[in-house]
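Undergrad: Numbering (the numbering used here), first residue to last: -7 to 284. Every residue gets a Cβ at the ideal spot worked out from N, C-alpha and C, and that includes glycine. On a predicted model such as this, the values are computed, not experimentally measured, just so you know.
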Ligand code: ATR
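Below, the structure is given as structure tokens:
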């Protein structure tokens, strides 16, 4: 006779359920990353799922997360600004960016946070330990949501100047104004050489270099050889820009680590364990990218 199982199925209210909200959401690697950590740290009764939510339902879904049984969420494209507007509470970074990628339940209710800039800086510290933001001006290619998060984080980290190079000048000017960057300059793509002169960091935040897209074509010759070059595109892992930079002798860092590191603060807030970004996790995500 078999013993009746002593294991109790967790009551709904004991479940620690978290989701990623996006539209589409199938491409998101957040479930892979968080489920890996849930298993690695043996978090009891925890679950991380994908939630495909169309734009017209996003604000309501976000406000109703607790009644839907979620203790938190990640928010991805195109809902980061909607999530900011849907929530009453934010941390200082989300407030500055007016965009939310992480939602946590606090004693006062749901709070929107933004960990994209944290992930960007943590990745550089992890993979280019001698790099320091204070060492020189930082050049950002692009002026979209990712560029905003990165510009704010670089300023907070002590970059002496932020130089934004964008196809559409007005968008770069709006970024500079909205973030109230203390020391920033805007350049057109044709003026990129001036932006690179004397810089300590170059980051591509545009979609250029992504599989199936054209590469970044700006001439790297004016960039000091010690300048670190990085890309937030991670498919392919080594973009055309990173390959040219490596061949020219620059230190380079690929964009995959930003994705991994931005997930750390959310996991810690939801489950109470600060997770490690390991080679094993990186390889797991790389293998998944290889499949798609
Ligand atoms: P995200 O929010 O993910 O950062 P986004 O808001 O769509 O993305 O911004 C994409 C960035 O890539 C923008 O800076 C865009 O330039 P514009 O502001 O001029 O549109 C840039 N970008 C996209 N395709 C580009 C291309 N073919 N050449 C140059 N820049 C491009």
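Could you give the distance in angstroms between the alpha-carbon of residue 158 and the alpha-carbon of residue 178?
TA: Each residue's alpha carbon lies about 8 Å from the other.
Undergrad: Looking at C-alpha atoms only, which residue of 94, 227, 182 is the closest neighbour of residue 209?
TA: Measuring from the Cα of residue 209, the nearest candidate turns out to be 182.
Undergrad: Out of 46, 80, 57, state which residue places its alpha-carbon closest to the alpha-carbon of residue 71.
TA: Cα-wise, what sits closest to residue 71 is 46.
Undergrad: Taking only heavy atoms of the ligand ATR into account, decide whether any of them is closer than 7 Å to the Cβ of residue 198.
TA: Yes, since a heavy atom of the ligand ATR falls inside the 7 Å radius drawn around the Cβ of residue 198.
Undergrad: Opposite residue 103 in the DSSP bridges: which residues?
TA: In the DSSP output, where bridge partners are listed per residue, residue 103 has 81, 96.
Undergrad: What is the DSSP secondary structure of residue 28, reduced to helix, strand or coil?
TA: DSSP places residue 28 in helix when its eight states are reduced to three.
Undergrad: To the nearest angstrom, report how far apart residue 226 and residue 156 are at their CA atoms.
TA: Going from the Cα of residue 226 to the Cα of residue 156 covers about 21 Å.
Undergrad: Taking the beta carbon of residue 129 as the centre, do at least 16 other beta carbons fall within 10 Å, making it buried, or is it exposed?
TA: With 16 or more other Cβ atoms within 10 Å, it is buried.
Undergrad: Would the C-beta of residue 93 count as close to the ligand ATR, meaning under 7 Å from any of its heavy atoms?
TA: Every heavy atom of the ligand ATR is 7 Å or more from the Cβ of residue 93, so no.
Undergrad: Kindly list the residues whose CB is nearer than 6 Å to the CB of residue 9, restricted to its own chain and excluding five residues on each side of it in sequence; keep chain order.
TA: Closer than 6 Å at Cβ, skipping near neighbours: 39, 61, 62.
Undergrad: At a cut-off of 7 Å, is residue 109 close to the ligand ATR when judged by its beta-carbon and the heavy atoms of the ligand?
TA: No; taking the cut-off as 7 Å, the Cβ of residue 109 has no heavy atom of the ligand ATR nearer than that.
Undergrad: What residue does the beta strand (DSSP E) around residue 177 start on, and which one ends it?
TA: Element bounds for residue 177: 176 to 179.
Undergrad: To the nearest angstrom, report how far apart residue 11 and residue 216 are at their CA atoms.
TA: Roughly 43 Å separates the two Cα atoms.
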